[in-house]
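Worksheet: one structure, shown below.
2 protein chains.
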Amino acid sequence: MKKKHPWLVDIGKNIRAIRESKGLSQEELAELVEIDRTYIGGIERGERNVASLNLIRIAIALNTEVGNLFPRLDMLPLISRY
Amino acid sequence: MKKKHPWLVDIGKNIRAIRESKGLSQEELAELVEIDRTYIGGIERGERNVASLNLIRIAIALNTEVGNLFPRLDMLPLISRY
DNA sequence: TTGTGACTTTAAGTCCGTC
DNA sequence: GGACGGACTTAAAGTCACA
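In order, the protein sequence lines correspond to chains A and B.
Using the numbering used here, the final residue of the first sequence is 83, and nothing's skipped along the way.
Using the numbering used here, the final residue of the second sequence is 83, and nothing's skipped along the way.
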């Protein structure tokens, strides 16, 4: 099991929640976004530090604003800086 | 001059606009975020495909939601998929 | 104060598989 | 349907000298 940054875990939870709300499997999302299915899994588990372009593509596939994939500023533990 | 993806250019513009609205130089932002000045420059010029953690750190430094750094879904030319 | 090219190191992202 | 691992290729992270 890989190391997980709390912020990435948040992002992963958000993506998973939205994906499931759309009734999509990881594999189906992977196909929409044209990203490897194991990578989608890794993102949702908070193990991957996804780059902007892929985040945007995921947001498009999920038909949601990119901002919805991120935790709100108030929710971030500012003490744990990176 | 490096190749620039339109979406990254949008992100760069947003970051630059917010940074300047705060009266910060690239160097000052770089120090806040603890990222190299030239890397910040590259992001603002749309030459870097920044990953989530750095985006969040930049958003924190600029005291703005991460979503504000991204273009809105409606603004994305959906035809040019990646 | 910022842009840019060249560069090394690290991690993103793919593809195979098993449980 | 999803978690997870290994091995791999590509791209991002990160730094520097100089314009």
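Just so you know, even glycine gets a beta-carbon here, dropped at the ideal spot from N, CA and C.
Pairwise C-alpha distance: residue j and residue i
i     : j     : result
B:L1  : B:G13 : Shown here, chain B extends from 2 to 83; a query on residue 1 of chain B therefore has no answer.
A:R23 : A:H6  : The question names Arg, but residue 23 of chain A is Lys in the sequence shown. The alpha-carbon atoms of A:K23 and A:H6 are separated by roughly 26 angstroms.
A:S81 : A:M2  : Caution applies to A:S81, whose pLDDT of 45 falls short of 50 and renders its modelled position unreliable; the model cannot decide the point.
A:V51 : B:I19 : 23 angstroms
B:D11 : B:R73 : 10 angstroms
A:N64 : B:M76 : 13 angstroms
B:K4  : A:S26 : 34 angstroms
A:W8  : A:G43 : 14 angstroms
Spatially closest choice to residue i from the options, by CA coordinates
i     : options                       : result
B:E21 : B:A62, B:I36 and B:W8         : B:A62
B:I41 : B:N64, B:S53 and B:E28        : B:E28
A:L30 : A:G47, A:N55, A:K4 and A:N50  : A:N55
A:E48 : B:E45, B:I44, B:S53 and B:R49 : B:S53
A:A60 : A:W8, A:G43 and A:L33         : A:L33
Neighbouring residues, chain B, relative to residue i (Cβ below 9 angstroms)
i     : result
A:N15 : What A:N15 touches in chain B: nothing, since even the nearest Cβ is about 11 angstroms away.
Chain B contact residues for residue i, given Cβ-Cβ distances below 8 angstroms
i     : result
A:R73 : E66
A:L77 : I57 and I61
CB contact flag (residue i, residue j, <9 angstroms)
i     : j     : result
A:R17 : A:I36 : no
B:G68 : A:E66 : yes
Closer than 7 angstroms at the beta carbon, the chain B residues around residue i
i     : result
A:I12 : S53
A:A60 : L74
Chain-ordered chain A contacts of residue i [CB-CB under 9 angstroms]
i    : result
B:L9 : S53 and L54
| said: My parser needs the beta strand (DSSP E) runs of 3 or more residues fully inside the region 14-61 of chain A; what are they? | reply: none
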